[in-house]
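Here is the structure we will look at.
There are 2 protein chains.
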Amino acid sequence: MAQKPSIPKGTRDFGPIEMARRNYIFDTIRSVFRLFGYAPIETPSMENLSTLMGKYGDEGDKLLFKILNSGDYLRGVDPTLLADGGDALHLTPKIAEKGLRYDLTVPFARFVVQHRNELQMPFKRFQIQPVWRADRPQKGRYREFYQCDADVVGSDSLINEIELLQLIDEVFRRLSVRIIIKLNNRKVLSGIAEIIGQPEKITDITVAIDKIDKIGLDAVKAELLERGIPAESIERLSPIITMTGSTEQRLESLAQALAQSPTGMKGIEELREVINATEALGLVAGLELDVSLARGLNYYTGTIIEVKSRDVEIGSITGGGRYDNLTGVFGMPGLSGVGISFGADRIYDVLNALDLYPKEATTGTQVMFTNFGATEAAASMKMLKQMRDAGIRGEIYPDSAKMKKQMSRADALAIPYVAIVGENELAQGKLMLKNMATGEQQLLSVSEAIDAIKA
Amino acid sequence: MAQKPSIPKGTRDFGPIEMARRNYIFDTIRSVFRLFGYAPIETPSMENLSTLMGKYGDEGDKLLFKILNSGDYLRGVDPTLLADGGDALHLTPKIAEKGLRYDLTVPFARFVVQHRNELQMPFKRFQIQPVWRADRPQKGRYREFYQCDADVVGSDSLINEIELLQLIDEVFRRLSVRIIIKLNNRKVLSGIAEIIGQPEKITDITVAIDKIDKIGLDAVKAELLERGIPAESIERLSPIITMTGSTEQRLESLAQALAQSPTGMKGIEELREVINATEALGLVAGLELDVSLARGLNYYTGTIIEVKSRDVEIGSITGGGRYDNLTGVFGMPGLSGVGISFGADRIYDVLNALDLYPKEATTGTQVMFTNFGATEAAASMKMLKQMRDAGIRGEIYPDSAKMKKQMSRADALAIPYVAIVGENELAQGKLMLKNMATGEQQLLSVSEAIDAIKA
Chain L
1 MAQKPSIPKG TRDFGPIEMA RRNYIFDTIR SVFRLFGYAP IETPSMENLS TLMGKYGDEG
61 DKLLFKILNS GDYLRGVDPT LLADGGDALH LTPKIAEKGL RYDLTVPFAR FVVQHRNELQ
121 MPFKRFQIQP VWRADRPQKG RYREFYQCDA DVVGSDSLIN EIELLQLIDE VFRRLSVRII
181 IKLNNRKVLS GIAEIIGQPE KITDITVAID KIDKIGLDAV KAELLERGIP AESIERLSPI
241 ITMTGSTEQR LESLAQALAQ SPTGMKGIEE LREVINATEA LGLVAGLELD VSLARGLNYY
301 TGTIIEVKSR DVEIGSITGG GRYDNLTGVF GMPGLSGVGI SFGADRIYDV LNALDLYPKE
361 ATTGTQVMFT NFGATEAAAS MKMLKQMRDA GIRGEIYPDS AKMKKQMSRA DALAIPYVAI
421 VGENELAQGK LMLKNMATGE QQLLSVSEAI DAIKA
Chain H
456 MAQKPSIPKG TRDFGPIEMA RRNYIFDTIR SVFRLFGYAP IETPSMENLS TLMGKYGDEG
516 DKLLFKILNS GDYLRGVDPT LLADGGDALH LTPKIAEKGL RYDLTVPFAR FVVQHRNELQ
576 MPFKRFQIQP VWRADRPQKG RYREFYQCDA DVVGSDSLIN EIELLQLIDE VFRRLSVRII
636 IKLNNRKVLS GIAEIIGQPE KITDITVAID KIDKIGLDAV KAELLERGIP AESIERLSPI
696 ITMTGSTEQR LESLAQALAQ SPTGMKGIEE LREVINATEA LGLVAGLELD VSLARGLNYY
756 TGTIIEVKSR DVEIGSITGG GRYDNLTGVF GMPGLSGVGI SFGADRIYDV LNALDLYPKE
816 ATTGTQVMFT NFGATEAAAS MKMLKQMRDA GIRGEIYPDS AKMKKQMSRA DALAIPYVAI
876 VGENELAQGK LMLKNMATGE QQLLSVSEAI DAIKA
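Protein sequence lines correspond, in order, to chains L and H. The opening position of the first sequence corresponds to residue 1 in the working numbering, with each subsequent residue numbered one higher. The opening position of the second sequence corresponds to residue 456 in the working numbering, with each subsequent residue numbered one higher.
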């Protein structure tokens, strides 16, 4: 007997129950994306490595899955690359031209540049597809996972930010997940760096203050000192990053602290506009200013958004922000946009932890007909067809197995109703409908049964 | 300026219009799969090459996309494999352990074996996912494309065949594609080979007669002669493969011709039962016996199914059949099943050729609010929120650009309604709703506008 087969580490099979749950999440996100006027696109799983390499840093380049060229891929390769055990690093680009996408952002940028003449700006797209990373697999980190991104490019208007915050709110309202939306603005971070006299140290400063929740103020101060920020600057920074009070009060304190930085003041103005307009439209979630929020600093240039679950400790479940130069690396500079990405795997974990799946979203087959032999089966199949024509998802047990075996299938698959057509029912042209949750049985006509199942 | 980026040959980007059309097809197939009690699964894009290799013949092995191992993949490789320009054929298994799936059947078989203890038999699953083949790209043939498969394993009952035929009929009824469903049975083909005295030549015989529609009887006869079938056998074969009349008449003639072959008679009995029961349930499509239908002969063991469009010449758009030994290669012998696969790309071509997309399935955003500046935009966003709460997909033009530019966006994106909130409308708390198809404008309250858009 052959060895039991397996799948590559870091990948997953999804059976019917996981699929129903995941689809509930994806369908919810997709519906809301569409509700807000975002249109779907899909890009190929494989991109040319020239598109992907150099976009995610050296570490990212290593984590790209690379696809071996077809045919005799060694033909024409410089023999020195194969000598002395081979030079994998320099051989790779010669034998692998394609790679699996690492995220949806770079393929989106490539898409925009490639199709620039066909696109209507502002271009609002969403994309829900898997991505692949050759990361070391661990709990909650997979080598194949889905991203759910929505971006609008070609518009500087803060209306886009406001709409994205509404969109986030609507997704989690539909999923019944209580969230807090944290906001910041890169210009505020720049302003802080300016004001404490360290504009060129903005990366060091934000990396350090990003950790304040985890390691506390003293450790952040120590780290800043280590990174070469003078003690005096750190003292000026402390009150800013430890501000308390309502978001409005903190914005006010921040405005006083950053009064001398036009960049910082612009960031505060943007935050105010976004927060006020979004709140005026009515949100379920709370909006919270978080000046320690940095997220991919080198990428974002304006609003920065991060979403956390109020009830499950799991880190960020959605994030995004505004960027100025999505497509510059592909020769199309100056395209501004703002986008968000839902973390489907973490949202799945949150819904599992809180058991938030509505019954109707995860019910597969609604009715199973039993099978007592050819005559009964033929009559059952006619009734089943009527039920399906009425939109009910149903099946018939294909063999006339023992009743107990048939019922145990309905049980195992959590099918809520079983329809029994035996000799008696057949004679009356009816069926016995068993509610599997209550055990209750009723002799019904097909149309009565349809009503009962739909009720 | 960087070179304009591109995608690997044989792959495709899908923009919003193609996505809407493709999703209409996938959603239709998915709904009908669920209506018939099939449950979704998904398997990883990459499988271990030990799972994939040797399952598709030598040619298939070459067409597998192989993924280069991560890190220093040459470490420990036998240096002789790198000597003298290298030995790609034998090097590959040392430097690539994973490959992209080539179809959904082998991953499904692997899934069934791996999860055998968790599965409820009969196991009815569907799977809609992309597959990859390093084929030479040409018109209509891609290196990444979707398959849409439904299979039931663990049951020999012909009810499964009958249900799959109903399922096929329902999918194409919903898509408004007129089809003919061709049926055959591998046992009939075996019976024919027996009756003409050439049971061991069944493959040669079926490969030849499979071509009768394309090359005609004389050419088929010549080919059979060439393949070593005696002239006498060929003469006995001719009347069988050129039978005319209704399906019932041809089954009758076939029964006379194959009377001496128990296997052949069993095949005829199965065909009769499947055809009669399916027709008794009422089909939109026609069922047609086609004894020249072979499709993957070495795989199928009973019913063979193929679907063609009545109105577009494009080959098979769906196919499938019964098999006896899906999982034997993974050490789990004797698992019988029957399955079908919808050819999404060809169905897409058929729908495009006949322009069969319903308007509501391909309408994205339903309403666009114009933008005349901050005050009007704020009021518009309130109205837009009400519309979205009522389930209408809408957007607001994010910038207060020239009216002409804003309207041209709605036009280009085929958004059916534009909502205009200017000074006058603002004063009245109303909006001007423009029907983009008729040019008609109406001053309406938000709730009136919601009714108008939904109507």
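Glycine included, each C-beta is placed from N, C-alpha and C at the ideal position.
Self-check item: Cross-chain neighbours of L/Thr51 in chain H, by beta carbon under 9 Å
Solution: Result: Pro460, Ser461, Ile462.
Quiz item: So L/Asp290 packs on L/Leu183, CB below 8 Å; how close in whole Å?
Solution: Right, their Cβ atoms sit about 7 Å apart.
Exercise. Using beta-carbon positions only, say whether H/Met720 and H/Ala732 come within less than 8 Å of one another.
Key: Result no, Cβ atoms of H/Met720 and H/Ala732 do not sit closer than 8 Å.
Self-check item: Same chain, Cβ closer than 7 Å to L/Arg310, five either side skipped, listed in chain order
Solution: For L/Arg310, the CB contacts under 7 Å within the same chain, skipping 5 residues up- and downstream, are Arg178, Ile179, Ile180 in chain order.
Quiz prompt | alpha helix (DSSP H) segment containing H/Ser500, residue limits | solution = Here H/Ser500 belongs to no alpha helix (DSSP H), and DSSP marks it neither H nor E.
Quiz item: From which residue to which residue does the beta strand (DSSP E) around H/Phe578 run?
Solution: Where H/Phe578 is concerned, the enclosing beta strand (DSSP E) stretches over 578-587.
Practice problem: Closer than 7 Å by C-beta to H/Asp624: which residues in its own chain qualify, once you throw out the five before and the five after it? Chain order, please. | Solution: Around H/Asp624: Leu738, Val739, Ala740.
Quiz item: In angstroms, rounded to a whole number, what distance separates the CA positions of H/Lys837 and L/Val153?
Solution: Across the structure, H/Lys837 and L/Val153 are spaced so that their CA atoms are roughly 23 Å apart.
Self-check item: Neighbour-count burial assignment, H/Ile802, 16 or more Cβ in a 10 Å radius
Solution: Buried.
Quiz item: Would you call the CB atoms of L/Ser253 and H/Asn503 closer than 8 Å?
Solution: H/Asn503 is positioned such that its CB atom lies no closer than 8 Å to that of L/Ser253.
Self-check item: Unbroken alpha helix (DSSP H) run spanning L/Glu456, endpoints
Solution: The structure shown does not extend to residue 456 of chain L, since chain L is modelled only from 1 to 455, so the question has no answer here.
Quiz item: Under the three-state reduction of DSSP, which class applies to H/Asn753: helix, strand or coil?
Solution: H/Asn753 falls in the coil class under three-state DSSP.
Quiz item: Would a check of beta-carbon distances place H/Pro585 closer than 8 Å to chain L?
Solution: Answer yes: the Cβ-Cβ gap between H/Pro585 and chain L drops below 8 Å somewhere.
Self-check item: Given H/Gly776 as reference, the closest of H/Ala605, H/Glu497, H/Thr830 once Cα atoms are compared
Solution: Relative to H/Gly776, the option among H/Ala605, H/Glu497, H/Thr830 whose CA is nearest is H/Ala605.
Quiz item: Which stretch, first to last residue, makes up the beta strand (DSSP E) that contains H/Ser771?
Solution: DSSP places H/Ser771 inside the beta strand (DSSP E), whose first and last residues are 771-778.
Quiz item: How is L/Gln120 classed by DSSP in three states: helix, strand or coil?
Solution: Here L/Gln120 sits in coil by DSSP.
Quiz item: Apart from the five residues on each side of it in sequence, which residues of its chain come closer than 7 Å, Cβ to Cβ, to L/Ile41?
Solution: Correct list, in chain order: Phe111, Arg125, Gln127.
Practice problem: Please confirm if L/Ser176 has its CB atom under 8 Å from at least one CB of chain H. | Solution: It does not: the Cβ of L/Ser176 has no partner Cβ on chain H nearer than 8 Å.
Quiz item: Can you tell which of L/Met403, L/Pro398, L/Lys430, L/Glu118 has its C-alpha closest to the C-alpha of H/Pro577?
Solution: H/Pro577 has its Cα closest to that of L/Pro398, out of L/Met403, L/Pro398, L/Lys430, L/Glu118.
Quiz item: For a contact meaning CB atoms closer than 7 Å, what does L/Arg12 contact in chain H?
Solution: What L/Arg12 touches in chain H, judged by beta-carbon distance under 7 Å, is Pro499, going in chain order.
Quiz item: In this structure, does DSSP put H/Phe824 in helix, strand or coil?
Solution: Secondary structure of H/Phe824 (DSSP, three-state): strand.
Exercise. Leaving out five residues on either side along the sequence, give the residues of the same chain with a beta carbon under 6 Å from the beta carbon of H/Gly877.
Key: Annotation for H/Gly877: Phe827 place their beta carbon closer than 6 Å to its own, counting only its chain and skipping 5 residues before and after.
Exercise. For H/Ser902, count neighbouring C-beta atoms within 10 Å of its own C-beta (all shown protein chains included) and say buried if the count is 16 or more, exposed if not.
Key: Exposed is the call here.
Quiz item: What is the DSSP secondary structure of L/Leu287, counted as helix, strand or coil?
Solution: L/Leu287 carries a strand assignment under DSSP once its states are collapsed to helix, strand and coil.
Quiz item: Which residues in the same chain as L/Met1 place their Cβ atom closer than 7 Å to its Cβ, once the five residues preceding and following it in sequence are excluded?
Solution: Any answer about L/Met1 is weak, because its pLDDT of 44 lies below 50 and its placement is not dependable; what the coordinates show is given next. Within the same chain, L/Met1 has no close Cβ partners at all.
Practice problem: May I ask you to list the residues that DSSP assigns as paired with L/Ala419? | Solution: Answer is L/Phe369, L/Leu433.
Quiz item: Quick one, which residues of the stretch 394-406 of chain L are near chain H if we go by CB-CB under 9 Å, in chain order?
Solution: Cβ contacts with chain H come from Gly394, Glu395, Ile396, Tyr397, Pro398, Asp399, Ser400.
Quiz item: What do you reckon, is the C-beta of H/Met842 under 7 Å from a heavy atom of the ligand SAM?
Solution: The model on display carries no ligand, and the ligand SAM is accordingly not part of it.
Practice problem: Give a yes or no on contact between the stretch 355-368 of chain L and the stretch 407-426 of chain L, applying the rule of three or more CB pairs nearer than 8 Å. | Solution: Verdict: yes, contact present.
Quiz prompt | Element boundaries [alpha helix (DSSP H), containing H/Asp673] | solution = That run of the alpha helix (DSSP H) goes 672-681.
Quiz prompt | Near-chain L residues of the stretch 611-629 of chain H - C-beta to any C-beta below 8 Å | solution = For the stretch 611-629 of chain H, residues whose beta-carbon sits nearer than 8 Å to a beta-carbon of chain L comprise Asp611, Ser612, Ile614, Asn615, Ile617, Glu618, Gln621, Glu625.
Quiz item: Under 8 Å between C-beta atoms, does H/Ala833 make it to chain L?
Solution: Cβ-Cβ to chain L under 8 Å: yes for H/Ala833.
Quiz prompt | Beta-carbon proximity list for H/Pro592, same chain, < 7 Å, skipping 5 on both sides | solution = Around H/Pro592: Lys464, Gly465, Arg598.
Practice problem: Mind listing, in chain order, the continuous beta strand (DSSP E) runs of no fewer than 3 residues lying wholly within the stretch 68-109 of chain L? | Solution: Restricting attention to beta strand (DSSP E) runs no shorter than 3 residues, the stretch 68-109 of chain L encloses them at 98-100, ordered along the chain.
Quiz item: Nearest chain H C-beta to L/Ile67 closer than 8 Å, yes or no?
Solution: Yes, L/Ile67 counts as interfacial toward chain H.
Exercise. Following the continuous alpha helix (DSSP H) through H/Ala907, name the residue where it begins and the one where it ends.
Key: Boundaries of the alpha helix (DSSP H) around H/Ala907: 901-909.
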